[in-house]
Structures are given as C-alpha cells and as structure tokens.
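Chemist:
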Amino acid sequence: MIQLVRGFRDILPPETSVWQYVESIAKEHFENFGFREMRPPVLEQAALFQRSIGEHTDIVEKEMYTFAGSKDTMLTLRPEATASVVRAYIQHKLYSVDPICKFYTIGPMFRKERPQKGRYRQFHQINAEVFGVDSPYMDAQLIFMLMTYFARLSITGLRAHLNSLGCPECRPAFRQNLSDMLSARTEKLCEDCVRRLDKNPLRVLDCKKESCREAVADAPSMIDFLCGDCKRHFAAVQSVLDRMDVPFEIDTGLVRGLDYYTRTAFEIQTEELGAQNAVAGGGRYDNLVEMLGGPSQPAIGFAVGVDRLVELVEAKFPAFDAGPDVFFVPMGDAAMEMVAQWVCRLADAGIRTEADFSGRSLKALMRRADRMEAKNVLIVGDKEIAENEAVLRNMKTRDQVGVPMDRLVDTVREKVAREEF
RNA sequence: GUGGGUGUAGCUCAGUCGGCAGAGCACCAGGUUGUGGCCCUGGGGGUCAUGGGUUCAAGUCCCAUCACUCACCCCA
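Quick note: the first sequence uses the numbering used here, first residue -3, plus one each step.
1) Quick check on this structure: which residue in V300, T258, P291 and N283 has the alpha carbon closest to the alpha carbon of A274?
2) Measure the alpha-carbon distance for P320 versus L342 and round it to whole angstroms.
3) Work out the CA separation of P168 and G289 for me, nearest whole Å.
4) According to DSSP, is M362 helix, strand or coil?
5) Could you give the distance in angstroms between the alpha-carbon of T12 and the alpha-carbon of D317?
6) Helix, strand or coil: which one does DSSP assign to A98?
7) If contact is defined by three or more beta carbon pairs under 8 angstroms, each pair taking one atom from either stretch, is the stretch 154 to 174 in contact with the stretch 251 to 263?
8) Going by DSSP, which residues form a beta bridge with A386?
9) Excluding sequence positions up to five away, which residues of its chain have a Cβ less than 6 angstroms from the Cβ of P10?
10) Mind checking which residues open and close the beta strand (DSSP E) that includes I296?
11) Helix, strand or coil for M105 per DSSP?
12) Do you know whose CA, among E310, I296, V306 and L361, lies nearest G328's CA?
13) Looking at F127: is its Cβ nearer than 7 angstroms to the Cβ of Y85?
14) Does the distance from the C-beta atom of W338 to that of V397 stay below 7 angstroms?
15) Please confirm whether V373 and F323 have their CB atoms less than 7 angstroms apart.
16) Take the Cβ of T72 as the centre, count every other Cβ of all protein chains shown within 10 Å, and call the residue buried at 16 or more, exposed below.
17) Can at least three beta-carbon pairs, one atom from the stretch 170 to 190 and one from the stretch 215 to 227, be found at a separation below 8 angstroms?
18) Output yes or no for whether 7 angstroms exceeds the beta carbon distance between D135 and I246.
19) Return helix, strand or coil for V127, following the three-state DSSP convention.
20) Could you check what DSSP says for S80 in three-state terms: helix, strand or coil?
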C-alpha cells in the first residue's frame, strides 16, 4: 500500500476540530485588530525566497522544495509566508490606495528538514503582517495581539522574548565587534559555531553548548550598539508593553534565522514542546519591501506555528468533539424509509443528526449511539408506527417521551434547540 | 545531512534458553425476543516492517534496507 511522504501527515478527526477552533479564534481576534485575510499561493518563483530570506540561510541553502517550472524559472513550495505577502503587496500596488495595510494568512509551509517532535516538512502557520507603520506602538500592539490570542485559547506558561537587531546604520558595527572578539577565541567554540562565525556571527550567541555559552558570556550585545533611533524605538516598545501589563524578557541571544529582520525581534516560547520551544516568532523587516522592488515602506509581522499550538491546546483539553444531538434508531424497513427522510430534514434544519441503517439489533444501535455520545436517541419501530409516535430518549437522564410523527422534524428541532431533550 | 531509540492484532504492549502467535483495551455476538454505560460468556482479527543469511526449526541470532521516533543543525 502507498504510504504518505516522510515528514508529511494526515490530520484526522477529532484533531481537526482543534484546528478549526484555533483558526477560527485567530480570524476573529485578528480581525478585531483590523487585519484582513489574504490567501497567497503556496507556489512561488524560487528567486522570491532567495532574495528575501537570504542566500546563505539554511532554509534557502538546503531546506526548500524547489523544482523546474516551465521555461527557465525555478519554482519553490513556500518555506514561509511573509515573502509572498510582501510580493502581493507590491505586485497589486496595494500601497497606492493606502500604504498602511494589515493582513493575516493561514496555510501550509514546506521545508525539507529532518522531522522531529513539533517539526514537519509540511507545517502550518498563521501569519500577520503590517505594512507602512514604523511606530513602536505597532510592535507592541502586535505582541499584545499575540499574547491575548494565546490567552483566548487558555494557553498558559508562555514567555515573550524580546530583542532588537538594530538597523543597517548600527548593526554592521556590532557584527564586526562580535566577529573580532569571537575570532580571537575560536578554540573555545564548537565546530558549528566556528562555521557560523563567518556566515552569521550573531548565531553564536544562541548556541546551546555550554562551552560556547561561556565563550560568549562577556560578549557585547546588540542593545549596546543600537543607534539613537533604534534605541528610542526599542525603549518605546518596552514601555508600551509595560503599560499594557504584557510580561516579557529581554533576550539578547534571540537572533532570528532570516536575513530580512531589523529592529524588534520577538519569540513566544513554551516549556512543553520538547526541543521546539518557539510557538510564534516575528519581528520588523523595514527594508524588505524595498528590497523586493516595492516602495520604501516599513513592515512588521509574525508567524504562529499552528501544529505546535494545536499540541498545546490538546494537552489542555483532551476531549474536544461533540456527539450528535439526535441519533435515529430505525427498526424495520418501514421505519428506515421514514427515518431516511427525517434525518436529512433535521440535519438541514441545523441539528447534528446521525442515523443507523444497518438493521442490527436495538441493543447494538443503542450501544453505538452511546459510544458516539449522542445526546438523544429517536427510536422508530413497528409499535411506534402503529401508534404514530416515535420515542425520543434523552441518553443522559434516560427520560423518554413520545413525539407525534406528523410534526416530528419541527417538534424535535424545537425540543433540541431548547435543550429540553 | 549526523547520532541514539523503536518496529509483534485497529491501539498500548508482553513474548524466557531458538521449539504451536499472546494479553489488555477496542470491535462483533449472546446473556436480556425492543433500550446504551457496569458485569459475565463466547467470537472475529497477524506478511511478527521488508529482503536475505545461519539452523532440523527464527518473532527471537546475524546482515542489509525501509519506516517511525527523539535529539543535533536550523526553525514555527
């Protein structure tokens, strides 16, 4: 038998109801903050990601699903959403009506990594992006929106980590300084960090190895190198968060993996997901729009890892699925014929309905109704047909009442809607 | 890409020294002729991941492959 592809997975019920829940709350919550949904395609020209994420990042170097399209263009299954949203913002000149645009998008991303807990080759993100606003208030608002979103899902134990990565004015000096310092003590660094040193020395700051942590213990932090504008921006973000009682910690080791980030970088972490502790991450990318050929417009955004979020929600609420409101139990051919119509009418009237036409014993059908956690069972047999009254049984209270067959659909609908039965 | 762990019923797993393939849960039926949960009785269900090797005999030992899983790298 043909099995699914490594790193990909089927999301099955009842887990899918958690996904629906998580997504619906996100839509409602983000729209309250003025965000509107955008649905870019999952396939883009490879060049879009090479230019935005950065040629020398791991994503571009080894993790993208890239293949030849028609003509000479290479196509890529998107490894992240931001680049596509920026591309759409530029391509449709969305800035021309109002440069300030706020979008969210929900969908699958693809990265060819080795799968492990909380990491899949097809994974899902909820992204939010804001264009045309450079105010630190927007940074704070986004983080606030994220934290209150998680609160709405009753997720606890999350920590917001905050850092500033500076801008093209001040980052080079820091990078140089750090690079010089680390080059002088390469013998203390692990193999990976020596490699990072010339690719991206900032990454050495968040190496988990003990020896490397010691080596960078007295390293300068970006925050000390921030230029005046970046410093004021970062301070403003913090003071707004303080005023709104959003707890956060400054994490000078927080370095985002994508090249396009500037200034504010943040990550929401949890202890409960093994090695993959980031449940959301994001930051400013004030130069990306222009880099990709658009007008000079600042921007900021974040991505929520839905797969990881769903895991957290499931750990908190193991049982999520509701059984049917009414489960029809027809006994005999005549009953089945009538039930066949009623089940459709009731479902169409907005009642969760189920029926069993297997012809098995009443006991077997009652057991099935019980296992499905049906709230009510509607029994129809020869006796009921003779008396022109179906039996409606409340599975919890075990109460039973007769329901006249000629007004069955309306009567049952009203009773169930009023939760009388 | 690198390293560790695990592959036996739908699920969770036992299987001793190499000697008939097992349990619990789940499923089906009956006990109760038309009433679920608890209890009792019975039943169905297996390419022991795959391929090869050793052996009179392999779920068990050896080799290879594949899959899953955790971790590293990196990220959501």
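Note that the Cβ used here is the ideal one computed from N, Cα and C, for glycine as well.
Modeler: Answer, in terms of the structure:
1) Taking the first sequence and counting its residues from 1, the one referred to as residue 274 is at position 278. If we check each option's Cα against that of A274, V300 comes out closest.
2) Walking along the first sequence from the start, residue 320 turns up at place 324. Walking along the first sequence from the start, residue 342 turns up at place 346. Rounded to whole angstroms, P320 to L342 spans 11 angstroms at the Cα level.
3) Residue numbering aside, residue 289 sits at position 293 when the first sequence is read from its first letter. Residue numbering aside, residue 168 sits at position 172 when the first sequence is read from its first letter. C-alpha separation (whole angstroms): 23 angstroms.
4) The residue given as residue 362 occupies position 366 in the first sequence. Helix at M362.
5) The residue labelled residue 12 in the question sits at position 16 within the first sequence. The residue labelled residue 317 in the question sits at position 321 within the first sequence. C-alpha separation (whole angstroms): 9 angstroms.
6) The residue you call residue 98 lines up with position 102 of the first sequence. Per the sequence shown, the amino acid found at residue 98 is Lys instead of Ala. Reduced to three states, the DSSP call for K98 is strand.
7) yes
8) Residue 386 sits at position 390 when you count from the first residue of the first sequence. Note: A386 sits in a beta bridge opposite V399.
9) Counting from 1 along the first sequence, the entry for residue 10 is found at position 14. Contacts found: F316 and D317.
10) Position 300 of the first sequence, counted from the first residue, corresponds to residue 296. That run of the beta strand (DSSP E) goes A295 to G301.
11) Taking the first sequence and counting its residues from 1, one reaches residue 105 at position 109. Note: M105 maps to strand in three-state DSSP.
12) Within the first sequence, residue 328 is the residue found at index 332, counting from 1. It is L361 whose Cα lies nearest to the Cα of G328.
13) In the first sequence, the residue the question calls residue 127 occupies position 131. In the first sequence, the residue the question calls residue 85 occupies position 89. Result yes, Cβ atoms of F127 and Y85 sit closer than 7 angstroms.
14) The residue given as residue 338 occupies position 342 in the first sequence. The residue given as residue 397 occupies position 401 in the first sequence. Not closer than 7 angstroms, so no.
15) Here residue 373 is taken as the residue at index 377 of the first sequence, counted from 1. Here residue 323 is taken as the residue at index 327 of the first sequence, counted from 1. Cβ atoms of V373 and F323: closer than 7 angstroms.
16) Here residue 72 refers to the residue found at position 76 when the first sequence is read from its first residue. Buried is the call here.
17) yes
18) Start at 1 with the first residue of the first sequence, and residue 135 comes out as number 139. Start at 1 with the first residue of the first sequence, and residue 246 comes out as number 250. No; because the gap between Cβ atoms is not below 7 angstroms, this pair is not in contact.
19) Reading the first sequence from its first residue, position 131 is the one you call residue 127. First, the amino acid is wrong: residue 127 is Phe here, not Val. Three-state result, F127: strand.
20) Numbered from 1 along the first sequence, position 84 holds the residue referred to as residue 80. Looking at S80 - three-state DSSP - the assignment turns out to be helix.
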